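Below you'll find the structure, written out as structure tokens, and then a few comments.
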RNA sequence: UGUGGAGUAGCUUAAAGGCAGAGCGGCCGACUGUUAAUCGGUUAGGUGUGGGUUCGACUCCCACUUCCACAGCCA
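Numbering (this note's numbering), first residue to last: 688 to 1030.
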């Protein structure tokens, strides 16, 4: 037999990632991938038991759904196609038949993100619900996250022990999660920035109403709470085109992000969707998107629509948080990242 | 893409202008009460690449390259 490449010795990240096919045999990696499996099943069990229908959405898509991120191009016979960044638009078609649906599959983002929170290929579960407003959505997310965390605690005690996860932090993830508006969050950030003494951090925490939050903002906000934090009502300008404007306050939209505690950041992004066809067309123009790409999506409203909402949960970020990992790369057996697609 | 840090033996590292050293691994032998690594011996690199400064460069300078962290983008 050949000598086993991984010795009972500390190794560097690059070496371990080059030897990922062997590394997954080690104790910690074994534990993480088992927790991932349990979380994945918990996600599906919760939704299945809550009346959701699982409908798969296409991975090959003709254009950018949200019109923002960079997508991976693939050749599709004589045409250019893209790997899907979300199944949401298709979900919105599916709820008009099924009421409550979810898709759960690989998602691709060609952003050159070089952080501990990003993969170029990751799994996202996207529930979408008809007759659901923003408040209903938050309640759903709360129940969903609570179920996932409590199931992981119950079924993965041994794995979390191996990972030396402080489970007392996870045991608190139950009941109502705090909800703050974007306006309030900006106020809090101003106060927190005042208290900050380190000039470098103080600079990072600069923010004005209308700016999207950066990672440092999310971190200090979540540090104020022990549970995941809902931040709702972001400025429309920093969010996707399809989000429903706030009544009497069109500069704000009915969006909500769920920020995980302990510095794990955004694990869910969601919103109430626009259900009025004319507002949607206007929004598409306002975002400089080609309306012809969205004709069927606009038609969903033209033939009768209902208030509806949905969100996307990143599986790997959730696994990283529940396992207490410093980096997302260990949450999947063979991660695809900027500068890494081997093995 | 920007900022900062780092590339020395298979792996993890020491050497801060003056002879590149160690631990683990490997190999040889001993042990045979054993599951993070028994004991002895031995092997192994000329320092990411290309230039430059210097009597002399792992060490200083420039370019390139790879990796890491943070930021942006987002799940």
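Yeah, the Cβ is synthetic: ideal placement off N, Cα and C, and Gly gets one too.
Note that the coordinates shown come from a computational prediction; the quantities given were computed from them, not determined experimentally.
Classify residue 736 as buried or exposed, calling it buried when 16 or more other Cβ atoms lie within 10 Å of its own Cβ.
Position 49 of the first chain, counting from 1, holds the residue named residue 736. By the neighbour-count criterion, in which a residue is buried when 16 or more other Cβ atoms sit within 10 angstroms of its Cβ, residue 736 is exposed.
Beta-carbon proximity list for residue 985, same chain, < 8 angstroms, skipping 5 on both sides:
Here the question's residue 985 lines up with position 298 in the first chain. Excluding sequence neighbours, residue 985 sits near 964, 967, 968, 971 and 978.
Please report the distance separating the alpha-carbon of residue 747 from that of residue 904.
Here residue 747 refers to the residue found at position 60 of the first chain. Here residue 904 refers to the residue found at position 217 of the first chain. About 35 angstroms.
Alpha carbon to alpha carbon, how far is residue 717 from residue 828?
As a working note, residue 717 is residue 30 in the first chain. As a working note, residue 828 is residue 141 in the first chain. Near 29 angstroms, if we compare the C-alpha coordinates of residue 828 and residue 717.
Can you list the beta strand (DSSP E) stretches of 3 or more residues lying completely in the stretch 824-856, in chain order?
Entirely contained in the stretch 824-856, not one beta strand (DSSP E) run reaches 3 residues.
Does DSSP classify residue 802 as helix, strand or coil?
Counting from 1 along the first chain, the entry for residue 802 is found at position 115. Assignment of residue 802 by DSSP, reduced to helix, strand and coil, places it in the coil class.
Beta carbon of residue 857, beta carbon of residue 789: below 7 angstroms?
For this step, residue 857 is matched to residue 170 along the first chain. For this step, residue 789 is matched to residue 102 along the first chain. In this structure, residue 857 keeps its C-beta atom at 7 angstroms or more from the C-beta atom of residue 789.
Please name the residue or residues paired with residue 810 in a DSSP beta bridge.
Locating residue 810 in the first chain gives position 123, counting from the first residue. Beta-bridge partners assigned by DSSP to residue 810: 793.
Per DSSP, what kind of secondary structure is residue 649 in: helix, strand or coil?
For residue 649 there is no data in the structure shown, the boundaries of the chain being 688 and 1030.
If you follow the alpha helix (DSSP H) that residue 886 is part of, which residue opens it and which one closes it?
By one-based count along the first chain, residue 886 stands at place 199. Note, residue 886: alpha helix (DSSP H), 886-891.
Secondary structure at residue 715, three-state DSSP: helix, strand or coil?
For the purposes of this step, residue 715 is taken as the residue at position 28 of the first chain. Helix, per DSSP.
Should residue 944 go down as buried or exposed, given a rule of 16 or more other Cβ atoms within 10 Å for buried?
Here residue 944 corresponds to residue number 257 of the first chain, with the count starting at 1. Buried: at least 16 other Cβ atoms inside 10 Å.
State the CB to CB distance for the pair residue 864 and residue 814, rounded to an integer number of angstroms; the pair is presumed to be in contact (CB under 8 angstroms).
Within the first chain, numbered from 1, the residue matching residue 864 stands at position 177. Within the first chain, numbered from 1, the residue matching residue 814 stands at position 127. The C-beta separation of residue 864 from residue 814 comes to about 17 angstroms, leaving the pair out of contact by the 8 angstroms criterion.
Just the C-alpha distance for residue 699 and residue 794, rounded to the nearest angstrom, thanks.
Taking the first residue of the first chain as 1, we reach residue 699 at position 12. Taking the first residue of the first chain as 1, we reach residue 794 at position 107. If I take the Cα positions, the gap works out to 28 angstroms.
Quick one: give me the first and last residue of the beta strand (DSSP E) that residue 947 is part of.
As a position in the first chain, residue 947 is number 260, starting the count at 1. Here the beta strand (DSSP E) through residue 947 covers 942-947.
Taking the DSSP output, what are the residues bridged to residue 922?
If you number the first chain from 1, residue 922 lands on position 235. In the DSSP output, where bridge partners are listed per residue, residue 922 has 939.
In the DSSP assignment, find the unbroken alpha helix (DSSP H) run with residue 877 in it and report its ends.
Against the first chain, residue 877 aligns to sequence position 190. Where residue 877 is concerned, the enclosing alpha helix (DSSP H) stretches over 869-882.
In the DSSP output, what is residue 933 paired with across the bridge?
Counting from 1 along the first chain, the entry for residue 933 is found at position 246. Note: residue 933 sits in a beta bridge opposite 936.
So, under 8 angstroms CB-CB, residue 994 and residue 820 are touching, yes? Tell me the CB distance rounded to an integer number of Å.
Your numbering for residue 994 matches position 307 in the first chain. Your numbering for residue 820 matches position 133 in the first chain. Beta-carbon to beta-carbon, residue 994 and residue 820 are separated by about 6 angstroms, close enough to satisfy the 8 angstroms threshold.
Under 8 angstroms: do the stretch 706-725 and the stretch 1013-1029 share three or more Cβ pairs, one atom per stretch?
Three or more beta-carbon pairs drawn from the stretch 706-725 and the stretch 1013-1029 are found closer than 8 angstroms, and the two stretches are therefore classed as touching.
Can you tell me whether residue 962 is helix, strand or coil according to DSSP?
Looking up residue 962 in the first chain gives position 275. Residue state, collapsed to three classes: coil.
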